[in-house]
Every structure is written in structure tokens, then in C-alpha cells.
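Chains as they are written, first to last, in the numbering used here: chain D, 1 to 308; chain X, 309 to 616. We put the beta carbon where it would ideally sit given N, CA and C, even for glycine. Read the structure below first, then the notes.
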């Protein structure tokens with residue numbers, strides 16, 4: 001069993017989709033990453049910050065998944081990061097209606113002593129200087145550092161972002177962001193350029209169109225499972241990342257061959273996440289459901305063909 | 309060796325992409341379908357119409373690929389169908405600048421006697437009544453009838469389209485068109501609805517995002533090969549269809565398992581088509597290049613994973 005350190009937001013999300021809307025519910029990158037990783041035999045811990053307005057039941061829900069919360073700072077009298085968004089009819093795009101950083105504005109992450117030797121570090125989307133601070137606190141170089149980011153940091157903290165990605169092994173990023181970061185339209189060229197910036201592996205997330213894993217000349221692709229209904233895409237990317245990092249930590253194998261499997265496991269878990277609002281599906285997800293859907297996943301792309 | 313009847317346009321295309329522009333060059337659905345199918349051991353023939361302005365070298369080029377042109381009507385003094393289009397910077401969308409139907413406006417297809425017993429009929433994008441006329445001329449029911457269409461016919465000849473698709477086995481269509489035809493956003497639901505309209509198999513083409521094959525509860529997905537450069541997407545969908553139909557005709561096996569391979573072969577061939585303007589790449593494509601790229605294709609999606 002490997003040790004996985006997860007850094008990211010634990011948040012209130014308020015979501016509207018064409019199918020309905022929620023009140024403030026549990027969200028945040030670290031939450032989705034942790035829930036996905038809990039499907040594997042990992043010892044995982046979250047480093048994050050919340051206010052004392054976050055219901056205890058949300059913390060219990062994470063603890064009950066064996067996620068160590070000793071790195072979760074709870075600010076007395078503080079308010080938890082809050083995001084409100086509305087998805088468009090195609091669910092492929094959304095408007096952010098409210099972003100209240102609250103306690104996140106002054107987040108100085110502290111890695112608990114029992115996680116400074118984590119095997120895998122999964123840095124969820126946060127200010128790149130926060131991500132860098134976590135890397136600097138590791139007493140032994142993790143076997144794998146995975147970093148997720150978004151266009152906001154390219155627009156507002158590009159130098160910091162370029163610095164932190166020098167120190168990581170895998171960058172996960174969506175297709176438009178890969179293009180923005182590299183000024184290359186072709187994702188093949190974009191991934192090649194990113195590999196010159198630090199990470200030896202690049203995962204480009206294409207939402208409903210799947211995910212690509214790049215390493216040197218190797219490319220691997222996993223589709224998203226075609227679903228009858230996508231209910232709420234919130235957290236799908238983080239669920240993917242959590243499944244990816246969780247599987248790698250659990251198997252303690254960071255070869256390209258094993259990363260292919262990690263991409264499949266991440267995609268498989270993300271296919272559940274979007275079936276309900278917020279974390280609902282992931283909280284109740286059973287391993288036999290996960291295993292069953294992996295069969296569907298395999299049938300979706302595997303074939304026998306004679307090569308010459 | 310199976311017999312493949314191809315129905316579709318043979319045309320002049322004039323193309324502008326961000327990478328350059330062409331004069332009037334050889335194009336048309338039947339042309340691309342025929343070139344792709346010629347990669348397999350099929351006896352193929354084209355039913356189409358052109359004017360006598362089409363250079364003999366274009367006809368020779370098709371004949372030299374062993375494509376029977378006895379069903380190609382050459383109208384004395386007539387002009388060949390001409391399409392001019394300009395692609396946007398992302399190559400995913402284009403503007404049609406000129407469409408001159410010319411001889412195509414009065415096309416009454418006549419299936420040559422030696423092709424009325426074809427094993428596979430590939431009906432390229434044309435007026436659905438033209439497609440229906442071809443089906444009605446077959447003296448024996450083909451083992452497989454594949455039909456490609458587009459939104460133009462949904463807008464302008466929906467009743468005729470709905471009639472002809474009652475008589476076919478496979479509908480190939482792009483994602484937006486599948487949604488338009490069914491009023492379903494989910495491609496899973498759209499494909500299910502199309503299967504109630506006639507075809508037992510549905511192929512949804514997603515361009516750079518690959519293609520999905522649906523049959524009852526089964527779904528198979530083939531990605532498009534991620535390329536460093538996409539030069540000209542013209543004809544990629546027809547090349548895919550030609551590879552799909554050509555492989556099925558050559559192997560004389562229309563099981564779902566074999567259709568999966570046909571989707572892979574179609575996707576593989578389409579990855580070449582987009583590398584040059586028009587038909588240039590397909591005309592000169594060697595079988596050893598095709599076989600070599602199949603290895604890349606397989607590496608892109610195939611993995612070993614333990615199922616429980």
C-alpha cells in the first residue's frame with residue numbers, strides 16, 4: 001500500500017445544470033481526488049484549509065473513507081471556499097457565478113510529518129506557489145509528483161506556474177489549457193513542448209472526448225464512457241486525477257505501461273462521478289460497481305486485429 | 309474477394325486551409341471512398357456522374373486502383389460538380405464558398421449489371437432519393453448497405469431520408485447530425501433511436517475525436533490518431549467510410565466483432581487522408597505504410613488490465 005498526499009480545495013459548491021440545482025454541497029478538488037483514490041489500497045491524506053462552517057458530516061464522510069485529515073486546517077470563525085456555477089445546455093461549458101476564496105486566500109499548506117515521505121503527491125488545482133510550497137516540504141523526493149492546473153494561473157501567475165512544473169513528473173491539463181500554455185494547436189506538439197518544461201509525462205484531459213497520455217514518443221488514449229445521461233460534470237477532472245494518482249500509489253509502479261492502466265481507472269471512476277450532483281455518486285460507490293464498469297470500458301476499445 | 313458498390317460524387321474541390329490553398333483538384337465522396345477501399349482486396353465500382361471537363365488523368369487514377377468506372381456517366385458538354393470551401397483556423401469547421409451542382413443536378417444513377425449483386429453497397433452523401441434508387445436496382449439484397457448523409461438532407465429532404473434509412477444496415481453520420489436527426493443530445497440515446505428507424509448499426513463520426521459504433525447494447529470506440537499536423541480534413545469522413553465498407557466487403561463478415569476492426573481500419577486510413585490536400589496522400593498510399601500505422605493505432609488504445 002502506497003502513501004498518497006493530496007493537496008487541493010475542500011469547498012462548498014453550488015451547482016446548476018439543465019437537470020436541476022443544488023444548495024451548497026461538498027465539493028473541491030481534494031475532495032474528489034480523495035474519494036476517487038479511496039477506491040484503491042492507498043494511505044491517503046489531504047492538505048487543505050476550510051472554515052468552521054463546513055459541516056462535521058462532510059469531514060466524517062472523508063474520514064470514513066480512511067482519508068487522513070491531519071493536514072486539513074480548520075480556521076475558527078473562517079468561511080470555507082465557495083464556488084457557484086451554472087452549466088450550459090451541452091454541459092461542456094459553464095459560467096462561474098461566484099468565487100469566494102474565503103480562508104483559501106491565506107492558505108499556507110503544512111504537510112503533516114507522516115506524509116512528508118509520501119510515495120505519490122497529487123497537487124490539485126491551486127496557486128502554483130502553494131503547490132511549490134508542498135513540494136518543498138517533502139523530506140524525501142516522492143516517486144511521482146502529479147500536478148493539475150488551469151488557465152487562471154496561466155493568466156495570473158505564469159512565472160510561478162512555469163517554476164513549479166519544472167519540479168513535477170506528470171502534468172494534467174485540459175486541451176484548451178495545453179494549447180494556451182504552449183501556443184501549439186496540435187496536442188501532439190503541445191505535449192512535446194510541455195515535456196521540455198519539466199514533466200516527463202503529460203495527461204491532456206478532453207472531457208467527454210477522453211484523455212491522452214504522452215511520454216516521449218508514446219501516446220495512449222482512453223475515451224470517456226459514452227453515457228445516456230451526464231448529470232453534473234463538476235469534479236470529473238479531479239475524479240480522473242484521483243483515480244490516476246490513487247492507482248499509481250496503490251500499485252507502486254510508475255512505468256508507462258502502468259500509467260496506461262491508471263488512465264483507464266481514472267476514466268472509469270470519472271464516468272460515475274458525472275452521474276449525480278457533486279460527490280453523491282462517489283461517496284456511495286461500491287467496488288463491485290467499479291469492477292463491473294471496467295468490463296464495459298474494456299469492451300469499448302479493445303479489439304483483436306492481425307498486424308503485419 | 310467481395311464486391312463493393314460505391315455511390316457518391318466525383319467532383320472538383322477547391323480548398324483553402326490555414327496552410328495553403330489549391331486550384332480545382334479531384335474530390336468527391338465516391339473518390340475518397342474508392343481510394344480507401346482500394347487498400348483491401350475488393351472488386352469495387354463507382355456509380356456517379358461527371359462532365360467531360362474532368363481530366364482523363366483523374367479517371368485513370370481511379371481505374372489504376374482497379375475501380376470499375378462503367379457506372380460513371382460522363383455528360384458530353386456537361387460540367388462536373390464543384391465545391392469550394394475554406395477551413396477555419398482550428399480545421400474543425402469550414403465555410404462552403406461555392407457549390408455548383410452542375411451535372412449532379414440531374415443525376416439518375418444506373419447500377420451496371422455486374423454490380424447489381426454487390427455484397428456491400430456504400431451510399432455516399434447524396435440526395436436520399438438517389439440513394440434509394442440505387443437500392444431499388446439491386447437484384448439481390450446486398451449483405452450490407454451502408455449509408456452516409458448530412459444535415460443538408462435533414463433540412464431539405466427529411467421524409468426521403470427517413471424512407472431510405474428504413475432500408476439500410478449501417479448509418480454513418482456525424483455527432484451534430486445524429487443529434488439533429490433524433491433530438492437527443494446524448495449520443496447513446498441518439499444511436500438507440502436511430503436503431504429504431506431501420507439501421508441495426510450506427511456509426512457516429514466525431515472528427516478529430518474519433519468514431520463510435522453502436523449495435524444493440526454494444527458500443528465500440530476508435531479514436532482518431534493524434535497527429536502533429538492536420539493539413540486538410542476534406543474527405544476524412546469518406547475515407548473512413550471507404551475503409552470501413554472496403555474492409556467489410558473484403559472479409560465478407562458483418563459481425564459486430566468484425567465491424568470493430570472495420571472501424572479501426574477506417575480510422576487508420578482517415579489519419580493519412582488529412583496529411584495532404586485532397587486525395588494526394590491516398591493516391592500514393594502504400595500498404596506497408598498502412599500496416600505500420602496500424603501498429604501505432606493499436607498502441608494508442610490497447611492495454612492489459614486485470615478484470616474482476
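- Following the DSSP letters along the chain, one finds residue 185 (chain D) in no beta strand (DSSP E), marked with neither H nor E.
- Closest in C-alpha terms to residue 140 (chain D), from the list D:119, D:153 and D:173, comes D:119.
- Counting along the chain, the unbroken alpha helix (DSSP H) around residue 573 (chain X) starts and ends at 564–581.
- Contact note: residue 46 (chain D) does not reach chain X at a C-beta cutoff of 8 Å; the least C-beta distance is about 28 Å.
- Taking each of X:487, X:601, X:616 and X:580 in turn and checking the Cα distance to residue 287 (chain D), the smallest one comes out for X:616.
- Below the 7 Å Cβ cutoff, chain X contributes 529 and 609 as neighbours of residue 301 (chain D), in chain order.
- In the structure shown, residue 542 (chain X) adopts coil according to DSSP, grouped into three states.
- CA-CA distance, residue 498 (chain X) to residue 511 (chain X), rounds to 11 Å.
- Burial is judged here by how many other beta carbons sit within 10 angstroms of a residue's own beta carbon; residue 435 (chain X) has at least 16 and is buried.
- Straight across, the Cα-Cα distance linking residue 553 (chain X) with residue 157 (chain D) is about 51 Å.
- Distance from residue 309 (chain X) to residue 358 (chain X) at the Cβ level is roughly 27 Å; contact not present, criterion being Cβ atoms closer than 8 Å.
- Nearest C-alpha to residue 468 (chain X) among X:536, X:425 and X:505: X:505.
- The CB of residue 185 (chain D) comes closer than 8 Å to the CB of 397 and 398 in chain X, given here in chain order.
- Residues of chain X whose Cβ lies closer than 7 Å to the Cβ of residue 260 (chain D) are, in chain order, 611.
- By the neighbour-count definition (other C-beta atoms within 10 Å, threshold 16), residue 405 (chain X) is an exposed residue.
- Only residues of its own chain outside the window of five on either side were considered, and among them 455, 473, 476, 477, 478 and 479 have a CB closer than 8 Å to the CB of residue 507 (chain X), listed in chain order.
- Pairing residue 263 (chain D) with residue 314 (chain X), the inter-Cα distance amounts to about 40 Å.
- The bridge partners DSSP lists for residue 381 (chain X) are X:357.
- Residue 323 (chain X) and residue 600 (chain X) have their C-alpha atoms spaced approximately 29 Å apart.
- Taking the beta carbon of residue 264 (chain D) as reference, the chain X residues within 7 Å of it are 611 and 613, listed in sequence order.
- Just measuring C-alpha positions, the residue of D:256, D:10 and D:3 sitting nearest residue 125 (chain D) is D:10.
- Identification of residues in the region 162–182 of chain D having a C-beta nearer than 7 Å to some C-beta of chain X yields an empty set.
- About 13 Å separates the beta carbons of residue 100 (chain D) and residue 85 (chain D), which is beyond the 8 Å limit, so they are not a contact pair.
- Residue 451 (chain X) and residue 521 (chain X) have their alpha carbons spaced roughly 18 Å apart.
- The Cβ of residue 55 (chain D) sits no closer than 8 Å to any Cβ of chain X.
- Contact between residue 201 (chain D) and residue 232 (chain D) fails: their C-beta atoms lie close to 29 Å from each other, not under 8 Å.
- Here residue 526 (chain X) carries a strand assignment [DSSP, helix/strand/coil].
- The C-alpha of residue 36 (chain D) is placed about 20 Å away from the C-alpha of residue 226 (chain D).
- Residue contact check for residue 517 (chain X) against chain D: a CB pair falls below 8 Å.
- Per DSSP, the continuous alpha helix (DSSP H) segment holding residue 60 (chain D) begins and ends at 56–63.
- Not a single CB atom of chain X sits nearer than 8 Å to the CB of residue 65 (chain D).
- Here DSSP, grouped into helix, strand and coil, assigns residue 96 (chain D) to strand.
- In the structure shown, residue 20 (chain D) adopts extended strand secondary structure according to DSSP, grouped into three states.
- One thing to note: residue 123 (chain D) has its Cβ no nearer than 8 Å to the Cβ of residue 110 (chain D).
- In its chain, beyond the 5 residues on either side, 8, 9, 124, 125 and 238 have a beta carbon closer than 6 Å to the beta carbon of residue 29 (chain D).
- In terms of Cβ geometry, residue 355 (chain X) and residue 379 (chain X) form a close pair [threshold 8 Å].
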